[in-house]
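Undergrad: Residue numbers (the numbering used here): 41 to 195.
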Amino acid sequence: MKLLRLTVNGDPVELGVRDEETLLQVLRERLGLTGTKQGCDLGDCGSCTVLLDGEPVLSCLVLAATVEGRSVETIEGVAGADGLHPVQEAFDEVGAVQCGFCTPGMVLASKALLEKDPRPSRSEIRRALSGNLCRCTGYVKIVDAVERAGKAYPA
Ligand code: FES
Ligand code: FES
């Protein structure tokens, strides 16, 4: 066991982790943040995407012990006191959510993109989300949602 201190959704967290434990396991099993989904557990599907210091990472491939002192944002931290984040609102409004399994990862990857570039082209959106698989939507509505959400950001 190694003592791990990090920030999760703005809150300081301290817990003992095993060398082999992944960030995904810590989030879901130790902290109860089950919004981060476990799909392939192999780095192929993107459903476990979280933001690590603002950058999307596949939490199934990140050893928890390596995130000492860092800041993690999960889907549970995305909505603010005033309600849903613009990316979440846009996904809802355009019908980009079907079963919802891919949605937390999609929303976080989209948020990271829009924070760097609020007016990405459709091909840039597709590229940014290329590691996030969706078996339901055909992706068109997801790209629509990201375009729409970008309009809520200052240009
Ligand atoms: S669960 Fe991490 S990439 Fe699929
Ligand atoms: S909405 Fe079902 S996997 Fe994307």
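Yeah, the Cβ is synthetic: ideal placement off N, Cα and C, and Gly gets one too.
If you're wondering where the values come from, they're calculated on a predicted model, not measured in any experiment.
Hey, how far is the Cα of ARG162 from the Cα of ALA168?
TA: Each residue's alpha carbon lies about 10 Å from the other.
Undergrad: Grouping DSSP H, G and I as helix and E and B as strand, with all else coil, what is ARG45?
TA: In this structure, ARG45 counts as strand in the three-state DSSP scheme.
Undergrad: Compute the Euclidean distance between the alpha carbons of GLY72 and LEU148, then round it to the nearest angstrom.
TA: Approximately 18 Å, taken between the alpha carbons.
Undergrad: Looking at PHE131: is its Cβ nearer than 9 Å to the Cβ of ALA189?
TA: Going by C-beta atoms, PHE131 is nearer than 9 Å to ALA189.
Undergrad: Specify whether the region 75-90 and the region 165-182 touch according to this definition: at least 3 beta carbon pairs, one from each stretch, less than 8 Å apart.
TA: The region 75-90 is in contact with the region 165-182.
Undergrad: Among residues of its own chain, excluding the 5 on either side of GLN78, which ones have a beta-carbon nearer than 8 Å to its beta-carbon?
TA: Answer for GLN78: LEU64, ARG68, SER87, CYS88 and CYS100, listed in chain order.
Undergrad: Taking the continuous alpha helix (DSSP H) assigned at GLU95, which residues delimit it?
TA: GLU95 -> not in any alpha helix (DSSP H); beta strand (DSSP E) instead, spanning 95-98.
Undergrad: Got a sec, what are the start and stop residues for the alpha helix (DSSP H) ASP132 sits in?
TA: Here the alpha helix (DSSP H) through ASP132 covers 126-134.
Undergrad: Are VAL90 and GLU108 close, meaning C-beta to C-beta below 9 Å?
TA: Result no, Cβ atoms of VAL90 and GLU108 do not sit closer than 9 Å.
Undergrad: What residues in its chain sit with their C-beta under 6 Å from that of THR143, if we drop five residues either side in the sequence?
TA: Closer than 6 Å at Cβ, skipping near neighbours: VAL137.
Undergrad: Let me know the secondary structure DSSP gives ASP184 once reduced to three states.
TA: Correct three-state label for ASP184: helix.
Undergrad: Rounded to the nearest angstrom, what separates ASP51 and ALA121 at their Cα positions?
TA: Distance between the alpha carbons of ASP51 and ALA121 is about 15 Å.
Undergrad: Taking any heavy atom of ligand 2 as the mark, which residues have a C-beta closer than 5 Å to it, listed down the chain?
TA: So the residues near ligand 2 by this Cβ test are GLN138, CYS139, PHE141, CYS142, CYS174, ARG175 and CYS176.
Undergrad: Find out if the Cβ-Cβ distance for the pair PRO158, ALA185 is shorter than 9 Å.
TA: It is not a contact, given that the beta carbons lie outside the stated cut-off.
Undergrad: Go to GLY145, then tell me how far its alpha helix (DSSP H) extends in each direction, as first and last residue.
TA: Unbroken alpha helix (DSSP H) run through GLY145: 143-156.
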